[in-house]
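Novice:
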Amino acid sequence: MGKEKKGILKAYLEFNVLYKILIGLVVGAIVGIILAASGVTSLPPWISMFGTIFTRLLKMIIIPMVLASLVVGASSVSPANVGKIGLRVVIIYLVTSAFGVIIGLLMANIFQPHAELAAVEALAAGAAGKTGSTDVWSVITNIIPTSVLSALVNETVLQVIFFALVFGLCLSFMKVSKDERIAKAAQVSYQVFDCLAEVMMMVVRGIMQYAPFGVAVLIAEVFAKNGAKVAGSLLIVTIACFLGYIIHIVLVYGGLLKIGGIKIGAFFKEARTPFITAFVTRSSNGTLPTTMTAAENLGVEKEVYAFSLPLGATINMDGTAIYQGVCAFFLVMSCYGRGLTMGEMGMIVLLATLASIGTAGVPGAGAIMLAMVMQGIGMPIAEGTVLAGAYAMILGIDAILDMGRTALNVTGDLTCTACIAKKMGMLRKDSVLLK
Ligand code: ASP
3 MGKEKKGILK AYLEFNVLYK ILIGLVVGAI VGIILAASGV TSLPPWISMF GTIFTRLLKM
63 IIIPMVLASL VVGASSVSPA NVGKIGLRVV IIYLVTSAFG VIIGLLMANI FQPHAELAAV
123 EALAAGAAGK TGSTDVWSVI TNIIPTSVLS ALVNETVLQV IFFALVFGLC LSFMKVSKDE
183 RIAKAAQVSY QVFDCLAEVM MMVVRGIMQY APFGVAVLIA EVFAKNGAKV AGSLLIVTIA
243 CFLGYIIHIV LVYGGLLKIG GIKIGAFFKE ARTPFITAFV TRSSNGTLPT TMTAAENLGV
303 EKEVYAFSLP LGATINMDGT AIYQGVCAFF LVMSCYGRGL TMGEMGMIVL LATLASIGTA
363 GVPGAGAIML AMVMQGIGMP IAEGTVLAGA YAMILGIDAI LDMGRTALNV TGDLTCTACI
423 AKKMGMLRKD SVLLK
């Protein structure tokens, strides 16, 4: 019996991780759909606990992993190169996000998603308002932490990136100091962070062995809770968003990888794990450990991915951009019976691209950005208005839309990272992307 148990465990551990996760995904989706069809909208706490364990395990290692990898990355690269990588990464992120909004607006104009005014009005009375600040300047100053500890404790990824870059760059100068004491201390510090980064990678591999269970439960939960709501007018919103996500992957990412001379098959083979993790956790930040592991497996140098991926999790949200385009159209069409003007669409492209910079990659962040964008085009979601009613409708299916947009957001981070690494000659010689 004991031997048999060991055999099962061994077979489980040796079975391809990705296939295990895919099985978890399919099983979870089927169970979720069956539950929704039978009117069960939630799982008992003792089952939903398995999903929570998965997301908590991932969250547990985000900050140590980002900090350690970035310190190691920044201390191995010249300051001039950091600037070059940084500029390219930010530009490619912003450009792809702008493409995302345009694709979203295109989908919206084709599908014309909207709800009946009566349905929106019925929800308006009790609907809470949601307005957001569009102060871009504070987004920039907030990148500098006033307390390193609070940045780490509050998991403010942009601030952690800033501190780790400063720390890593100083370390890179100290490592070559003529003063032996300083050089030695820097070398020891480097080794400590290097070791921490490696330990975190090892922890991720362990978590991935547990992932199939977490994935199954998380997906069953979302489908059971939201599945039935994706009907009627909201079905068109869902179709428009998901079609936009698919078109973006094929045209924008496929195009970028092709132009970059990267093996597309090898790329997507490795990108599947973060893709699924993002799909079920609905958090680019939470997916960071798997995205970084995928970049490592793809043969990208740490100097690039340790910087570009945490940054991307915060500022690069192409899926969210598509969602903004579709949902802004839905809100205006449902409440005012008209589409968006060219001026409004131009404003949405600009605002949605900028709004993504200051919004963390956590579940539901896109819905907050949508409120910011609506405010920016002069239609604030004020309490008790029809806009708040239509917004409440979107919130009802937000989890489903968030799954797709987060998966796209993370794939975008990895695509841009691979392309920049290839362009700058920062793919390892044994990289699967080159074979
Ligand atoms: N959940 C998304 C992310 O983490 C953000 C969003 O809500 O659109 O990337």
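According to our numbering, the sequence shown is numbered sequentially starting from 3.
Quick reminder that beta carbons are idealized off the backbone N, C-alpha and C, glycines included.
Return the chain-ordered list of same chain residues with a C-beta closer than 6 Å to the C-beta of residue 235, the five sequence neighbours on each side being excluded.
Specialist: Excluding sequence neighbours, residue 235 sits near 117.
Novice: Can you give, in chain order, each stretch of the beta strand (DSSP E) that sits fully within the region 184-226 and has at least 3 residues?
Specialist: Whole beta strand (DSSP E) segments, 3+ residues: zero.
Novice: Compare the C-alpha of residue 309 against each of 294, 321, 300 and 322 and name the closest.
Specialist: For the residues 294, 321, 300 and 322, the minimum Cα distance to residue 309 belongs to 294.
Novice: Closest to residue 330 by CA distance: which of 107, 400 and 216 is it?
Specialist: The shortest Cα separation from residue 330 among 107, 400 and 216 belongs to 107.
Novice: Short check: CB of residue 319 to CB of residue 358, under 8 Å?
Specialist: A contact, by the Cβ cut-off of 8 Å.
Novice: Take residue 403 as the anchor and find which of 241, 263, 152 and 268 has the nearest alpha-carbon.
Specialist: Answer by Cα proximity: 241.
Novice: Please return the same chain residues whose Cβ sits closer than 7 Å to the Cβ of residue 317, not counting the five positions on each side in sequence.
Specialist: Excluding sequence neighbours, residue 317 sits near 95, 358 and 359.
Novice: For residue 392, would you say it is in contact with chain C, using Cβ-to-Cβ distances shorter than 8 Å as the test?
Specialist: Given the protein chain composition of this structure (a single chain), no chain C is represented.
Novice: What residues in its chain sit with their C-beta under 6 Å from that of residue 376, if we drop five residues either side in the sequence?
Specialist: Result list for residue 376: 383, in chain order.
Novice: Closer than 6 Å between the C-beta and any heavy atom of ligand 1: which residues qualify, listed along the chain?
Specialist: After applying the 6 Å Cβ criterion, the set is 284, 285, 286, 319, 322, 363, 364, 365, 366, 367, 368, 404, 407, 408 and 411.
Novice: What does residue 383 pair with, by DSSP beta-bridge criteria?
Specialist: 132, per the DSSP bridge assignment.
Novice: In whole angstroms, what separates the C-alpha of residue 374 from that of residue 278?
Specialist: If you take the alpha carbons of residue 374 and residue 278, they lie about 28 Å apart.
Novice: Is DSSP giving residue 364 helix, strand or coil here?
Specialist: It is coil, neither helix nor strand.
Novice: Would you kindly check if the distance between the Cβ of residue 423 and the Cβ of residue 254 is under 8 Å?
Specialist: No. Outside cutoff.
Novice: Closest to residue 332 by C-alpha separation, out of 219, 238 and 222, would be which residue?
Specialist: The candidate whose alpha carbon is nearest that of residue 332 is 238.
Novice: Would you grab the beta carbon distance between residue 391 and residue 123 for me? Rounded to a whole angstrom, and I think it's under 8 Å.
Specialist: Their Cβ separation, rounded to whole angstroms, is 6 Å, which keeps residue 391 and residue 123 in contact under 8 Å.
Novice: Using a Cβ distance threshold of 8 Å, determine whether the region 259-266 contacts the region 348-356, with at least three qualifying pairs required.
Specialist: The region 259-266 is not in contact with the region 348-356.
Novice: Evaluate the contact criterion for the region 222-230 versus the region 27-46: three or more CB pairs, one atom per stretch, below 8 Å.
Specialist: With the cut-off at 8 Å, the region 222-230 and the region 27-46 touch.
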